[in-house]
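Let me begin by presenting the structure, written as structure tokens, before commenting on it.
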Amino acid sequence: MSVIHSVTLGRRAVLQFLGVSMAVAAINNPRSALSDTTAKQKMCSDGHLALTTGFVFPDAPSDVLAAEFKTTDPATPLLLPCTVPLLRHDDRLILFDAGAGPAFMESAGRLVASLKSAGVEADQITDIVFTHCHPDHLWGVTDEFNELTFPNARYHLARKEYDFWTGKDTLQSVPEHLKTFVAGAQSRLPRIAERAKFFENGAQPLAGIEAIGSPGHTPGHCSYMLHIAGDPVLLTGDVFSHPLTVRHPKWRWGTDQDSTIATQTRQRMIDRIAADRTRVAVYHMPPPGFGRIEAGSNGPSWVQET
Ligand SMILES: [Zn+2]
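Mapping to the numbering used here: the sequence shown position 48 is 842, numbers consecutive.
In structure tokens form, the structure reads like this:
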């Protein structure tokens, strides 16, 4: 599942991220912009999730689904790619989420192998910045022996997200289908708590990386603006997980924990991204996972980079 490219460029001030290089020609905001980066280029697949159209789009009109998937059968398989952003910045190797690990879904949990193929060992990862704590983003912090997968990493996590998943009443309060998610988070988050740094929305967990609260999918879900001079990139985590979630932001997505708030967040992000023409990287979109959102006369649409 992994597609890795490695390119060495002959100068600093180049940021490499998810298979695409972005020249940092000038620093617009020296206090916050990412700069002084070295030059290797990687994109990291964690495999994919094997879901169904009926699970991810429980309320979608059947005629629209039929046009997209050529069938109205809710059991139609939908394979959702999992692509983990990796950022090399100066002497740091930063992952955005940790993948699914070995215990969630057989088709996922390939991140360490993808990193290895690119010449990066798990113990070289210096930082993991989390969008949220669902299994396909968090459970990869531990391996099949229940040891830390990335033993030298520092973990950066929104305080609100951590507090929700570790709350003493959370397991009892969530619906049945989320209890496995909560139990999995509660067995893993204490493992990383000592090496964790918590932040509030709007903070910069690391220099040049701005946390933007984007709740609904989970209570403390965060997106991240990478302030790269001349070519900023917004990582939206699971705000969008399929091109149809851009086209139809009001549709319920199967794993959104609060559909009303998730819909508001999607709409707000669409407006911002389309207006600013921001380049976006999305965890579950088809590889390479980069694109833009265009506000067309027939509604917004995802424009995939090739
Ligand atoms: Zn996800």
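Beta carbons are placed, not taken as given, at the ideal position from N, Cα and C, and that holds for glycine. Keep in mind that this is a model prediction, so the values were computed, not measured.
Spatial neighbours of ALA897 in its chain, beta-carbon cut-off 7 Å, leaving aside the 5 residues before and after: TRP933
So what does DSSP say about ASN1092, is it helix, strand or coil? Looking at ASN1092 - three-state DSSP - the assignment turns out to be coil, as it is neither helix nor strand.
Go to HIS931, then tell me how far its alpha helix (DSSP H) extends in each direction, as first and last residue. Looking at the DSSP string, the run of the alpha helix (DSSP H) that includes HIS931 is 929-932.
What do you reckon, are the CB atoms on ALA902 and TRP1045 nearer than 7 Å? no
Is the beta carbon of SER839 sitting closer than 7 Å to the one on THR870? no
Length of the line joining the Cα atoms of THR847 and LEU872: 6 Å
Look up ASP840 in the DSSP assignment and say whether it is helix, strand or coil. strand
Quick one: what's got a C-beta closer than 8 Å to PRO1094's C-beta in the same chain, skipping five residues either side? VAL1040, ARG1041, PRO1043, ILE1064, ALA1068, ILE1087 and GLU1088
Taking buried to mean at least 16 other C-beta atoms within 10 Å of its own C-beta, is THR964 buried or exposed? buried
Taking the beta carbon of HIS931 as the centre, do at least 16 other beta carbons fall within 10 Å, making it buried, or is it exposed? buried
Same chain only: Cβ atoms within 7 Å of ASN823, ignoring 5 sequence neighbours per side: Confidence at ASN823 is low in this model, with a pLDDT of 41, below 50, so its placement is unreliable and the value that follows should be read with caution. Answer for ASN823: HIS1021, listed in chain order.
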